[in-house]
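Peer 1:
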Amino acid sequence: MRKGGFWDGFWRLGPVGAMVIAFGIAWGVAGKDAGLSDALIIVMSGVVFAGASQFASIELWAGPMNYLALFLITVAVNARHLLMGTTLYPDLAHQSRWRQMLSVMTMTDAPYAMAQSEPDRDRRIALIVGGGWMIWLTWMIGTVIGVVFGGILGDTRAYGFDALMPIFFSVMLVSVFKGRSSLLPFIGAGVASLLWYLSFPGNWHVIVGALVGGALNVVQGEQE
Amino acid sequence: MMAVGLAVMVLATYLTRIGGVWVMHFVPLTPAVRRMLAGMANTVLLAVVIPYAWEGDWGMRAGILAGIVCMATTRRTVLSMAVGVLVTALYRLAL
Chain A
152 MRKGGFWDGF WRLGPVGAMV IAFGIAWGVA GKDAGLSDAL IIVMSGVVFA
202 GASQFASIEL WAGPMNYLAL FLITVAVNAR HLLMGTTLYP DLAHQSRWRQ
252 MLSVMTMTDA PYAMAQSEPD RDRRIALIVG GGWMIWLTWM IGTVIGVVFG
302 GILGDTRAYG FDALMPIFFS VMLVSVFKGR SSLLPFIGAG VASLLWYLSF
352 PGNWHVIVGA LVGGALNVVQ GEQE
Chain B
103 MMAVGLAVMV LATYLTRIGG VWVMHFVPLT PAVRRMLAGM ANTVLLAVVI
153 PYAWEGDWGM RAGILAGIVC MATTRRTVLS MAVGVLVTAL YRLAL
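Quick note, the sequences are listed as chains A and B, same order. Just so you know, we're using the working numbering here: the first sequence kicks off at 152 and counts up by one. Just so you know, we're using the working numbering here: the second sequence kicks off at 103 and counts up by one.
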C-alpha cells in the first residue's frame, strides 16, 4: 500500500493540512469557549475525527447528557461519509474485511475529493488513506494549539480560513466536471439539495442532493 | 459520562464511515449501480458546498467563485485554493 500512493496522498494533502490546522485551532477555541475540558476537546479530535460533528456536539455537552440526540446528530452531520463509502466500495471490494475497516477509519472529505481524479483503484484508496492521516495529524496539531494558545490568535475569519473548505470542494468540483454529461446531475443535485436544506433541518440535504445527482446520472446513461 | 459520550460519537462516526461500504456488500454492482455511485461521488461535494455559499457572506462567495474560475482556467489545485482564500480575505479587509 505504501508504494502505491500512501505517502503521495499524505504529502499531496499538505497544503490542505495547513488549513486543517486553522480549523483545528477554531475547534479548540470554540470548545474552550463552550466550557468543554481540555482533555475532552483533544481526545475527541483524535478518536472522533470529524470536525463538523464535533462542532455540532458542543451544545449537547452542557447539561444532562442526551446520548440518543448525540448519536443521531453525529450520524446526520457525518452522513456524507455513507455516500463516500458506497462510492468507494468498487475500489475496496477485493480487499479483506479488516483492510476495508482500517482503510475507512480516517476517511474524510478532502482526500476523498482529491482522489476522485485518480484512475487506478488501489492507488485511489491508498491516496485517501495517506491523505486521511495527514488530515488527522494536522487536525490534532491544530486542536492542541487552539486549546493551549487559542486566546491570542484573534479572529481567524479575517484571514479567510472559514472559506477554505468550501473553496477546496468547489475547486475539486471543477476537476470532476466532465462537460455536458455532468450538467444534468450537477444542476439537479444542486437544486434538490438547496431546496431540502432550506426546508428541513438535520443535514440530510447532502444525502438528498447526492441521491438526485446519482439518479439523474443513471437516467442519462440509459438514454445514451 | 464524558467517556460514554465520546464512545457514542466514535460509534456513530465510524458507522457512517464503514456503513456505506457494508451496504454495498449486499447490492450487486450492475452498470446502473455504477452510474449511480459515480453520479453520487461527484455531486456529494456540490451538496456539501451549497449551504456555505448560501449562508456565507459575499467574501465567501467571491472566494468560491475565484477558486472555480482559477481552476477552470489553470487546472492547478493549490494555486486555485490560495487565490480563493486570498480573495475572501481581501474582500473582507476592503469592505
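The beta-carbon is built from N, C-alpha and C at its ideal position, and this holds for glycine as well.
Report the neighbours of residue 108/B on chain A: residues whose CB is nearer than 8 Å to its CB, in chain order.
Peer 2: 191, 194, 195, 198 and 199
Peer 1: If you drop the 5 nearest sequence neighbours on each side, which residues of the same chain put their C-beta closer than 7 Å to that of residue 327/A?
Peer 2: 267 and 268
Peer 1: Give a yes or no on whether the C-beta atoms belonging to residue 321/A and residue 169/B are separated by under 7 Å.
Peer 2: yes
Peer 1: Using a Cβ-Cβ cutoff of 7 Å, what residues of the segment 317-329 of chain A are near chain B? List them in chain order.
Peer 2: 317, 318, 319, 320, 321, 322, 323, 324, 325, 326 and 327
Peer 1: Taking all protein chains shown into account, do 16 or more other C-beta atoms lie within 10 angstroms of the C-beta of residue 213/A, making it buried, or fewer, making it exposed?
Peer 2: exposed
Peer 1: What is the DSSP secondary structure of residue 269/A, counted as helix, strand or coil?
Peer 2: In the three-state DSSP reduction, residue 269/A falls in the coil class, being neither helix nor strand.
Peer 1: For residue 313/A, which three-state DSSP category applies?
Peer 2: helix
Peer 1: Please state whether DSSP places residue 255/A in a helix, a strand or coil.
Peer 2: coil
Peer 1: Quick check: the segment 366-374 of chain A against the segment 105-113 of chain B, are there 3 or more CB pairs under 8 Å?
Peer 2: no
Peer 1: From the DSSP output, in three-state form, read off residue 245/A for me.
Peer 2: coil
Peer 1: Return helix, strand or coil for residue 232/A, following the three-state DSSP convention.
Peer 2: DSSP places residue 232/A in helix when its eight states are reduced to three.
Peer 1: Please state if the CB of residue 259/A and the CB of residue 283/A are separated by a distance shorter than 7 Å.
Peer 2: Yes, the pair counts as a contact, with Cβ atoms nearer than the cut-off.
Peer 1: Quick one: using the 10 Å Cβ neighbour count with 16 as the cut-off for buried, is residue 153/A buried or exposed?
Peer 2: Summary for residue 153/A: the model assigns pLDDT 45, below 50, so the residue's position carries little reliability, and this model does not support an answer.
Peer 1: Could you compute how far the alpha carbon of residue 240/A sits from the alpha carbon of residue 246/A?
Peer 2: 10 Å
Peer 1: Around the C-beta of residue 127/B, are 16 or more other C-beta atoms found within 10 angstroms, so that it is buried, or is it exposed?
Peer 2: exposed
Peer 1: Between residue 105/B and chain A, is there a C-beta pair that is closer than 7 Å?
Peer 2: no
Peer 1: Consider the Cβ of residue 176/B: report whether some Cβ of chain A lies at a distance smaller than 7 Å.
Peer 2: no
Peer 1: Would you decide whether residue 303/A is buried or exposed? Buried here means 16 or more other CB atoms lie within 10 Å of its CB.
Peer 2: So residue 303/A counts as exposed.
Peer 1: If contact is defined by three or more beta carbon pairs under 8 Å, each pair taking one atom from either stretch, is the segment 158-178 of chain A in contact with the segment 188-204 of chain A?
Peer 2: yes
Peer 1: Beta-carbon within less than 8 Å of residue 169/A's beta-carbon, same chain only, minus the 5 sequence neighbours each way: which residues are those?
Peer 2: 289
Peer 1: Does DSSP classify residue 188/A as helix, strand or coil?
Peer 2: coil
Peer 1: Taking only three categories from DSSP, how would you classify residue 165/B?
Peer 2: DSSP places residue 165/B in helix when its eight states are reduced to three.
Peer 1: Here's the rule: buried if 16 or more other CB atoms are within 10 angstroms of the residue's CB, otherwise exposed. What is residue 179/B?
Peer 2: buried
Peer 1: The segment 218-233 of chain A: which residues have C-beta closer than 7 Å to a C-beta of chain B, in chain order?
Peer 2: Against chain B - using a Cβ distance shorter than 7 Å - the residues of the segment 218-233 of chain A are 218, 221, 222, 225, 226, 229, 230, 231, 232 and 233.
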